[in-house]
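Contents: one structure, followed by commentary.
Number of protein chains: 2
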Amino acid sequence: MEPQTDEARSRAGGCCPHLHEAVEFIGRRWTGAIIEVLRQDGPLRFSEIVQAIPGLSDRLCSERMKELEARGVVERTVHPGPPVRVEYDLTPMGRALEPSLSALRAWAHEWL
Amino acid sequence: MEPQTDEARSRAGGCCPHLHEAVEFIGRRWTGAIIEVLRQDGPLRFSEIVQAIPGLSDRLCSERMKELEARGVVERTVHPGPPVRVEYDLTPMGRALEPSLSALRAWAHEWL
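Residue numbers (the working numbering), protein chains in the order written: chain S, 304 to 415; chain R, 304 to 415.
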C-alpha cells in the first residue's frame, strides 16, 4: 500500500494528521491561555504569565513554557543584568496562531 | 471585589475563560479529528467514524461522542429500522467551529 498524502487522506474522508496534531497541541491544558496572554501583552516574565492566568501553577506553567519553546512557538530571552531578566514572547510561528484563536474566541463567545 | 467580565479581564491582560474552555474542549484527545471527519463526511455511523481516524479505539470514540453530544456539538439520530441505523452529525454549534479548524489546518500545514 502506498503511503497516503494528507490530501489523499482528506479526500478519502480521513482526518488530516497535521490538523489533529495542531488541535491537540494548542488544546493541552493551559497552552491556549499562555499563547493568548503572550499575544496580548508579550514579552512577559514568568511571574507575569502565572499571574495573568488564574489557576495556573508555577510547576505547570514551567512545563508548558518548555514545551512551547521546544516546539518553536515561544522564545525565551535572557537580558543580562544586573538584575538578570528573563522574558518570554511568541515567535512568528506562535503569532501565526492568531487567526485560529480569534475564530475560536468568536465561537466561544457565541456558543459557550 | 466585583466579578470581572470577560472583556474586563481581557483588557486587564488576563486570559479569556471562554477561549480557554473552547481551546481545551476541542483539544481533548480525538475531539478535533472527530469534528473534522463529521464536517467532511457527516452524517456517519459510529463504525465509519472509527474507521476514518487511525488509532482511535471504539472505547475512546464512544466516550468522545458522548461528550460531544452532551456539549451540543454533535447530534445522534436513530433511524428506526429494520435494520435500526444510528447516525452522528454536527449540530449548527459544531458546524460553527469550521472557521477555527480551517485556520488551524492552514497553520498546521505551514508550520508543522
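Virtual Cβ for every residue (Gly too), placed ideally from N, Cα, C.
Helix, strand or coil at residue i according to DSSP, with G and I counted as helix
i	result
residue 394(R)	coil
residue 304(R)	In this prediction, residue 304(R) has a pLDDT of 39, which is less than 50 and means its spatial position is unreliable; what the coordinates show is noted afterwards. Coil at residue 304(R), not helix or strand.
residue 407(R)	helix
residue 353(S)	helix
residue 311(S)	Bear in mind that a pLDDT of 43 at residue 311(S), under 50, signals an unreliable position, so the number given afterwards is only what the model happens to contain. It is helical.
residue 387(S)	coil
residue 415(R)	coil
residue 400(S)	coil
residue 316(S)	Note that residue 316(S) scores a pLDDT of 46, beneath 50, so its modelled location is shaky; the value from the coordinates is reported in the next line. Three-state DSSP puts residue 316(S) in coil, outside helix and strand.
Boundaries (first-last residue) of the alpha helix (DSSP H) holding residue i
i	result
residue 379(S)	From DSSP, residue 379(S) is part of no alpha helix (DSSP H) but of the beta strand (DSSP E) over 377-382.
residue 363(S)	361-374
residue 341(R)	334-344
residue 322(R)	320-329
Neighbour list for residue i in chain S, Cβ cutoff strictly below 9 Å
i	result
residue 319(R)	336, 339, 408, 411, 412
Proximal residues of chain R, C-beta to C-beta of residue i below 9 Å
i	result
residue 365(S)	Residues of chain R passing the Cβ test: none, with the nearest at roughly 17 Å.
Neighbouring residues, chain R, relative to residue i (Cβ below 7 Å)
i	result
residue 326(S)	329, 330, 335, 407
residue 402(S)	406
Of the listed residues the options, nearest to residue i (C-alpha basis)
i	options	result
residue 322(S)	340(R), 380(R), 384(R)	340(R)
residue 411(S)	410(R), 400(R), 370(R)	400(R)
residue 364(R)	326(R), 394(R), 350(R), 404(R)	350(R)
residue 342(R)	409(R), 397(R), 403(R)	397(R)
residue 344(R)	390(R), 368(R), 329(R), 370(R)	390(R)
Of all the residues that make up the stretch 366-400 of chain S, which are near chain R by a beta-carbon distance shorter than 7 Å? For the stretch 366-400 of chain S, the beta-carbon criterion of a distance under 7 Å to any beta-carbon of chain R is satisfied by 396, 399, 400.
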